[in-house]
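Engineer: Below are the structure tokens for one structure; questions will follow.
Residue numbers (mature numbering (1 follows the signal peptide of the UniProt record, and there is no 0)): -23 to -1, 1 to 103.
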């Protein structure tokens, strides 16, 4: 009986910790409007990404606004890393989250078969 209780407690703790990590990521992503800050082949400096709940509002410097949905999930073959999945009118895009802090978001295009993956650095809008 004690072994079952210990096992159940460990499983519950695992799900609690995993849920807290995802909640932290969601909070960090939706706390700001993120702006592309560095020259990138994936975006133009000044492009804005606004994450709300599971909706994404993307505004280009050319005044084009796109509405989509987003979610994060762990990458199974890379422990500790997560993927950002975006679905919009432009199609489905997947990015690996390389770094996520309150002051910087660094994304890399999910493996596309090329040797050098495309990267994008975003900072909170001031």
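Glycine included, every Cβ here is placed at the ideal spot set by N, Cα and C.
So residue 73 and residue 82 are supposed to be a Cβ contact under 8 Å. How far apart are they, rounded?
Structural biologist: Reading the chain shown from its first residue, position 96 is the one you call residue 73. Reading the chain shown from its first residue, position 105 is the one you call residue 82. Not confirmed; about 12 Å, so no contact.
Engineer: Quick one: using the 10 Å Cβ neighbour count with 16 as the cut-off for buried, is residue 30 buried or exposed?
Structural biologist: For this step, residue 30 is matched to residue 53 along the chain shown. It is exposed - the Cβ of residue 30 has fewer than 16 other Cβ atoms within 10 Å.
Engineer: Rounded to the nearest angstrom, what separates residue 46 and residue -16 at their Cα positions?
Structural biologist: Position 69 of the chain shown, counted from the first residue, corresponds to residue 46. Position 8 of the chain shown, counted from the first residue, corresponds to residue -16. Their Cα atoms are separated by approximately 34 Å.
Engineer: Between which two residues does the beta strand (DSSP E) holding residue 96 run?
Structural biologist: Reading the chain shown from its first residue, position 119 is the one you call residue 96. First-last of the beta strand (DSSP E) with residue 96: 96 to 101.
Engineer: Along the chain, where does the beta strand (DSSP E) that runs through residue 59 open and close?
Structural biologist: Within the chain shown, numbered from 1, the residue matching residue 59 stands at position 82. 59 to 65 is the extent of the beta strand (DSSP E) around residue 59.
Engineer: Quick check: what's the CA-CA separation for residue -22 versus residue 17?
Structural biologist: Position 2 of the chain shown, counted from the first residue, corresponds to residue -22. Position 40 of the chain shown, counted from the first residue, corresponds to residue 17. In a straight line, the C-alpha of residue -22 is about 55 Å away from that of residue 17.
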